[in-house]
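*Asks:* Protein chains in written order, with this note's numbering: chain A, 1 to 488; chain B, 1 to 105; chain C, 1 to 497. Got a structure here, written out as structure tokens. Questions coming.
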Amino acid sequence: MLAYDTLLAARDAVRSKKISSVELTRQALDRIDKIEPRILAFNSLFADRALEQAKDVDAGKRTGPLAGVPIALKDNLCTSHGTTTCSSRMLENFRAPYDATIVKKLEAAGAVIVGKTNLDEFAMGSSTENSAFKTTRNPWDTARVPGGSSGGSAAALAAGMCCASIGSDTGGSIRQPASLCGVVGLKPTYGRVSRYGLVAFASSLDQIGPFGWNVPDCALLMNVISGRDPKDATSVDQAVPDYLKQLDEPLKGLRIGIAREYQLAAGMDPQVKSAVDAATKKYQELGAQLVDVSLPHTEYGIAAYYVIAPCEASSNLARYDGVHFGHRTKDPVKDIIELFSKSRAEGFGEEVQRRIMIGTYALSSGYYDAYYLRALKIRALIKRDFDQAFEKCDVILCPTSPTPAFKAGEKTGDPLQMYLCDVFTVTCNIAGIAGISLPCGFTTGPKPLPIGLQLLGPTFGEEKLLRIARMYELTTDWHKRRPSLETN
Amino acid sequence: MAEQKITLDQVRHVAKLSRLALDESRLEKFSVQLGSILEYVAKISEVNVTGIEPMAQALPMHNVFREDIVEPSLPLEKVLQNAPDADGPFFKVPKIIGGEEDSAG
Amino acid sequence: MKGAYFVENRVCKSHKVLVGMEVHVQLSTQSKMFTGAANGFGGEPNTQVDEQVLGLPGVLPVMNKRAVEYAIMVGLALDCKIARHTKWDRKSYYYPDLPKNYQISQYDLPLCYEGAFELVRKDGSTLKIRIRRAHLEEDAGKLMHEAPGGYAIDFSIVDLNRAGTPLLEIVTEPDLSSPQDVALFGQELQKIVQFLGVSHGLMQMGHMRFEPNINVHITDQNGQVHKTAITEIKNLNSFSVLERATAYEVQRQIRQWEETGSLGRKSTYGWDEAKGSTFLQREKEEANDYRYFPDPDLPPVEVDDAWIAELKGQIGELPAARRKRYVDALGLSATDAAILASDRETGDFYEAAIAAGGDARRVSNLILSHGRRIANEKSVTLKEIGIAPARFAEVAGLIDQNKISVSSAGTIFDKLREKDGAAEQLAAELGLTQVSDTSAIDAAIDAMIAANPKPLQDYRGGKQSAMGALVGMVMKNGKGLNPKMVQEALKRKLGGE
């Protein structure tokens, strides 16, 4: 067990020498030894290197706001150490010759990287079941999925194998696993965090963000990872505030937006609904005013998303052809086209292939206007919906996921049904706004499952969003619960 | 776009465009799945988008440049580090016979 | 050609050639289009490659501002409209020399469009070439089918050094009307990019690659017009090949029609230099599905008036405008004006000389004869001959003031290339200064007349050719006299007596 399992507490403990970084890192590695076989959160471990990094912190050679704290990275972030696999056969042995900007920033801040976590292949999925290597298990109930695509990062944290972790979110891939694993996950505004070194899925939707046990931990990580990067032309040149500074100050005159379209969402689990309703009441008790808002194009969000994301993915994943890097077929080939086609058919899993096919089709001659161009117009309408709503409210409140964690294998047969679970999360990426998921309750039963509350805030509204999330968090204990993996 | 069923031949063509060597059973499975997904996403045709500008990017930015300054290249061994096959300093691929589409142009 | 191919009564009585050009120009920025790796043109294989050029997972493009500016400068030089808003698109196709399997290019919003260029032929006639568009993109790497040194290999190899080089694709309307025009256009375009300093423009290095799109309107013996299908010849990189390949292709299309009646199909040809003929590469019936869409990694480009004005300032006066001014305002011959205006350096050198006070035509003559001669002898550019433009003005002044003869200018410049100094002083040191004192001249003439009555008689007897001899004799005794003045004085004296 980690003596300090949250980021700020661990950081402060190392800083005040209550514990050495080496000791803390050992505890994390021991925990991984013990628990990982049941959780399957990691694709690779950087054990020796992590201990080296920890030693350097203890020796005073590495300092910074994250000095000495073990964290985990989603395995679609390029590291010059070890492999970057994206949980794909295609990149099983891929060794990046460079570090993602976020990796550089984390290491410069003194973080100890313990390893890289499992995901749905190329971040396409909501359960990690699309990983070519393994399905990560939900620490609250190992028969269930941790959500996805950043399921490994969420589960590694929830299982106490690190103090915080990093994921990426293209249509909910941070918030949904955070919800299903009972931790806090933030998808920042598009352009807030550099994407350089994040293996692209859908470039206009992808954004890197933090997982923490609580809101302050996420705020601290945001302090470190945010900001313009000359290597990412879509990262925004806007000052990064100290997200921790006013975090505990409640927001006066808070207006919580309730979107009527979200009330109508089909397939909502009643326990999720009542937990979210209870959280809404809690905000009212804290003095918030509820405001009815309308997001009329919500029902087209998933449709637009499943055009835009596959189109971009089909292009982003074209580079995996077995020539310069990645898997190459061992079969004899008669020409280069066959080399490409066999390598790609062998290297990519079914869901990735499916999305490449959808995207290729939608961009192909004769279909572009009806699919991609039209989806981009709907995107503009969805953004306009949010802009209008945020004139009336500070944040919009809704569930993160319509259901708690589902059983592994339960939804794998029907890709469309899996896509429909993204109803509350995709529009945030489409509009490029910020969104956070935080624990707001648990289901009843022998193995209670966490339920996530989602707050959506306007572009570059992270500071306020985090404060509003913190207001709720301070009145509840949901974020202090831990899964009882010892007794499993 | 109302009756958006994708035919097996279309799926085969898309697989070719996608450079995916899929067997018949995979093609058949995909034609059913893609059919239902495309039918679902066809919802977007219901929306009146008259006069709406397409939004290709999440934020309205422009002119994000780099100055024309040289930065170091990767050492050759890093360039070839992940190459499935190499010949000396080159990437190596099976013989390519003329007649295919040409490179940039 | 007529009789031999006379089949089924198809005779090409006359024909009209229509050629549109696609030209790829590699821009000579320091770094690549979308990343900081050196834009080094050559080098050891795969050494000008960073993770972005290699298209590794996770990399992102960031545009090189200078490359965009170079492209706008070419657009301005070709009298194009410059797009106020433009963007980047991905063009998808799979090929081993294209690491991402898409090329970042510009599809529907080219940076430059609707331009025009006036081609001046050798005979002085002109042809207006409309420019359809000029857009910026990244070059691909090189796929090779033999090992360096030409050794046969049973596989293919890829070098990515060229990948990511900023590439400007210029597309003209089909306004070129002969193989000679096509080659001339190529040469003029080379001069422009070299003048602008945006490309080395070296053909043998592949800095410029030409793809003529050719078709022919054939008028038969009945006056009926038959239009052949457009064929494109790929990747021509010498002016000679450009002309020969176009000429060959024109004749091939005519011959094909005469022999078979076929107008052909839209297709792509290559050029076989050994055989001196074009060969079919592929028919274009199966159009490529490039699946263009806006690149989500690259924000759009906005060009405002201030930026365009700044770039216009950097360009300065273009060769065509300069040439026209030299003829109209400075009175130079068209030929001389064309040479002086052909490249920025020569023009600037010339302008510096006239700015220093030299007569425009005199300076032009001196630069074109002595300046260029010395540059050739030293194998350097005009700027590098070691003689300042002002010296040309000084020498021109000495000639105009009759202080030296035209013929002694060469001697002075040869001295100047070794050692700089005031031209007048040098002329004196070299004994080239002419005496223009009329009394000294008169005295010398009188002395000559007294000593040589014979030639004088000849001259008076009507032998005008004796004048040269008379001048020579005066000069012999009076070294340094201005021969022109001697001649004039002689004429006066003899005519007046």
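Glycine included, C-beta positions come from ideal geometry on N, C-alpha and C. All values derive from a computational prediction rather than experimental measurement.
What are the boundary residues of the alpha helix (DSSP H) that includes K415 of chain C?
*Replies:* Walking along the third sequence from the start, residue 415 of chain C turns up at place 415. 409–418 is the span of the alpha helix (DSSP H), which, as asked, contains K415 of chain C.
*Asks:* Mind checking who W271 of chain C pairs with in its DSSP beta bridge?
*Replies:* Position 271 of the third sequence holds residue 271 of chain C. BP columns for W271 of chain C point to C:T278.
*Asks:* In chain A, what lies closer than 7 Å to D297 of chain C by C-beta?
*Replies:* Within the third sequence, residue 297 of chain C is the residue found at index 297, counting from 1. Those are S203, A233, T234, listed as they occur along chain A.
*Asks:* Short check: CB of S31 of chain B to CB of I6 of chain B, under 7 Å?
*Replies:* If you number the second sequence from 1, residue 31 of chain B lands on position 31. If you number the second sequence from 1, residue 6 of chain B lands on position 6. Yes, the Cβ-Cβ distance between S31 of chain B and I6 of chain B is below 7 Å.
*Asks:* So, is I69 of chain B buried or exposed, given that buried needs 16 or more other C-beta atoms within 10 angstroms?
*Replies:* Numbered from its first residue, the second sequence carries residue 69 of chain B at position 69. Exposed is the call here.
*Asks:* Can you pull out the residues from the segment 9–27 of chain B whose beta carbon lies closer than 9 Å to at least one beta carbon of chain A?
*Replies:* If the cut-off is 9 Å between Cβ atoms, the segment 9–27 of chain B has Q10, V11, H13, V14, A15, K16, L17, S18, R19, L20, A21, L22, D23, R26 near chain A.
*Asks:* Assign V406 of chain C to one of two classes, buried (16 or more other C-beta atoms within 10 Å of its C-beta) or exposed (fewer than that).
*Replies:* Taking the third sequence and counting its residues from 1, one reaches residue 406 of chain C at position 406. That one is exposed.
*Asks:* For the segment 85–114 of chain C, list every residue whose C-beta sits within 7 Å of some C-beta in chain A, in sequence order.
*Replies:* Answer in chain order: R90, S92, Y94, P96, P99, K100, N101, Y102.
*Asks:* Just to confirm the assignment, what range does the alpha helix (DSSP H) spanning E146 of chain C have?
*Replies:* Counting from 1 along the third sequence, the entry for residue 146 of chain C is found at position 146. E146 of chain C -> not in any alpha helix (DSSP H); beta strand (DSSP E) instead, spanning 142–147.
*Asks:* Whole angstroms are fine: how far does the CA of P296 of chain A sit from the CA of A309 of chain A?
*Replies:* Within the first sequence, the letter at position 309 stands for residue 309 of chain A. Within the first sequence, the letter at position 296 stands for residue 296 of chain A. Their backbone Cα atoms lie some 21 Å apart in a straight line.
*Asks:* Shorter than 7 Å from the beta carbon of K323 of chain C to some beta carbon of chain B?
*Replies:* For the purposes of this step, residue 323 of chain C is taken as residue 323 along the third sequence, with counting starting at 1. It is worth fixing the name first, because residue 323 of chain C is Arg in this sequence and not Lys. No, R323 of chain C lies away from the interface with chain B (no Cβ there is under 7 Å from its Cβ).
*Asks:* If you reduce the DSSP assignment to three classes, tell me which class V240 of chain A lands in.
*Replies:* Working through the first sequence from its first residue, we reach residue 240 of chain A at position 240. Note: V240 of chain A maps to coil in three-state DSSP.
*Asks:* Does Q207 of chain A come out as helix, strand or coil in the three-state DSSP assignment?
*Replies:* Taking the first residue of the first sequence as position 1, residue 207 of chain A is located at position 207. Reduced to three states, the DSSP call for Q207 of chain A is strand.
*Asks:* Which same chain residues end up closer than 7 Å to D292 of chain A when comparing Cβ atoms and leaving out the 5 residues on each side of it in sequence?
*Replies:* Counted from its first residue, the first sequence places residue 292 of chain A at position 292. Closer than 7 Å at Cβ, skipping near neighbours: I258, R260.
*Asks:* Closer than 7 Å by beta-carbon distance: list the chain B residues that pair up with K377 of chain A, in chain order.
*Replies:* Taking the first sequence and counting its residues from 1, the one referred to as residue 377 of chain A is at position 377. The answer, in chain order, is V49, I52, P54.
*Asks:* Could you check whether D248 of chain A and L7 of chain A sit closer than 7 Å to each other, using their CB atoms as the reference points?
*Replies:* Translated into positions along the first sequence, residue 7 of chain A becomes position 7. Translated into positions along the first sequence, residue 248 of chain A becomes position 248. No. Outside cutoff.
*Asks:* If you follow the alpha helix (DSSP H) that S342 of chain C is in, where does it begin and where does it stop?
*Replies:* Against the third sequence, residue 342 of chain C aligns to sequence position 342. Element bounds for S342 of chain C: n/a, residue is neither H nor E.
*Asks:* Can you tell me which of C:E69, C:R10, C:E44, C:T47 puts its alpha carbon nearest to the alpha carbon of W307 of chain C?
*Replies:* Locating residue 307 of chain C in the third sequence gives position 307, where the first residue counts as 1. Nearest C-alpha to W307 of chain C: C:E69.
*Asks:* For a cutoff of 7 Å on Cβ pairs, would you count S14 of chain C as touching chain B?
*Replies:* Taking the first residue of the third sequence as 1, we reach residue 14 of chain C at position 14. No, S14 of chain C lies away from the interface with chain B (no Cβ there is under 7 Å from its Cβ).
*Asks:* From the beta carbon of P57 of chain C, is the nearest beta carbon of chain A less than 7 Å away?
*Replies:* Position 57 of the third sequence, counted from the first residue, corresponds to residue 57 of chain C. Yes, its Cβ sits closer than 7 Å to a Cβ of chain A.
*Asks:* Tell me which residues of the segment 93–120 of chain A have at least one Cβ-Cβ distance to chain C shorter than 9 Å, keeping chain order.
*Replies:* Here the close residues are F94, A96, P97, Y98, A100.
*Asks:* Pull up the CB-CB distance for Q353 of chain A and L20 of chain B, whole angstroms please, since I reckon it's below 8 Å.
*Replies:* Locating residue 353 of chain A in the first sequence gives position 353, where the first residue counts as 1. Locating residue 20 of chain B in the second sequence gives position 20, where the first residue counts as 1. 6 Å between Cβ atoms; contact.
*Asks:* Can you find a C-beta in chain B that's less than 7 Å from the C-beta of F460 of chain A?
*Replies:* What you label residue 460 of chain A is simply residue 460 of the first sequence in a count that begins at 1. Output row for F460 of chain A: interface = no.
*Asks:* Given that a residue counts as buried once 16 or more other Cβ atoms are within 10 Å of its Cβ, and exposed if not, what is V380 of chain C?
*Replies:* In the third sequence, the residue the question calls residue 380 of chain C occupies position 380. With fewer than 16 Cβ atoms within 10 Å of its Cβ, V380 of chain C is classed as exposed.
*Asks:* Helix, strand or coil for P70 of chain A, going by three-state DSSP, please let me know.
*Replies:* Here residue 70 of chain A refers to the residue found at position 70 of the first sequence. P70 of chain A falls in the strand class under three-state DSSP.
*Asks:* Within the continuous beta strand (DSSP E) that includes G257 of chain A, where are the two ends?
*Replies:* Sequence index remark: in the first sequence, residue 257 of chain A carries index 257 (1-based). Note, G257 of chain A: beta strand (DSSP E), 255–259.
*Asks:* Measuring straight from C-alpha to C-alpha, what distance separates A275 of chain A and L397 of chain A?
*Replies:* Residue mapping note: residue 275 of chain A aligns to position 275 of the first sequence, counting from 1. Residue mapping note: residue 397 of chain A aligns to position 397 of the first sequence, counting from 1. Cα-Cα distance, rounded: 12 Å.
*Asks:* Using only CA atoms, which one of A:H324, A:K116, A:S194, A:W213 lies nearest to Q81 of chain B?
*Replies:* Start at 1 with the first residue of the second sequence, and residue 81 of chain B comes out as number 81. Checked all of A:H324, A:K116, A:S194, A:W213; the closest Cα to Q81 of chain B is A:H324.
*Asks:* Using the three-state DSSP reduction, which class does V25 of chain C fall into: helix, strand or coil?
*Replies:* Residue mapping note: residue 25 of chain C aligns to position 25 of the third sequence, counting from 1. Three-state result, V25 of chain C: strand.
*Asks:* Expressed to the nearest angstrom, what Euclidean distance is found between the alpha-carbon atoms of T487 of chain A and K447 of chain A?
*Replies:* For the purposes of this step, residue 487 of chain A is taken as the residue at position 487 of the first sequence. For the purposes of this step, residue 447 of chain A is taken as the residue at position 447 of the first sequence. Caution applies to T487 of chain A, whose pLDDT of 48 falls short of 50 and renders its modelled position unreliable; the model cannot decide the point.
*Asks:* Determine, using beta carbons only, whether N63 of chain B comes closer than 7 Å to chain A.
*Replies:* Here residue 63 of chain B is taken as the residue at index 63 of the second sequence, counted from 1. Not an interface residue.
*Asks:* Since Y292 of chain C and K91 of chain C should fall inside the 8 Å C-beta cutoff, what is the C-beta to C-beta distance between them, to a whole number of angstroms?
*Replies:* Working through the third sequence from its first residue, we reach residue 292 of chain C at position 292. Working through the third sequence from its first residue, we reach residue 91 of chain C at position 91. Contact flag correct, Cβ pair sits at about 6 Å.
*Asks:* At the 7 Å Cβ level, is E71 of chain B part of the contact set with chain C, yes or no?
*Replies:* Translated into the one-based positions of the second sequence, residue 71 of chain B becomes position 71. Yes, E71 of chain B lies at the interface with chain C (some Cβ there is under 7 Å from its Cβ).
*Asks:* Put K342 of chain A into one of helix, strand or coil per three-state DSSP.
*Replies:* Taking the first residue of the first sequence as position 1, residue 342 of chain A is located at position 342. Reduced to three states, the DSSP call for K342 of chain A is helix.
*Asks:* For E312 of chain A, go through chain C and note every residue whose CB falls closer than 7 Å to its CB, in chain order.
*Replies:* Taking the first sequence and counting its residues from 1, one reaches residue 312 of chain A at position 312. Under the 7 Å cutoff, chain C gives P296.
*Asks:* Which stretch, first to last residue, makes up the beta strand (DSSP E) that contains M208 of chain C?
*Replies:* Your numbering for residue 208 of chain C matches position 208 in the third sequence. Segment 208–219, the beta strand (DSSP E) holding M208 of chain C.
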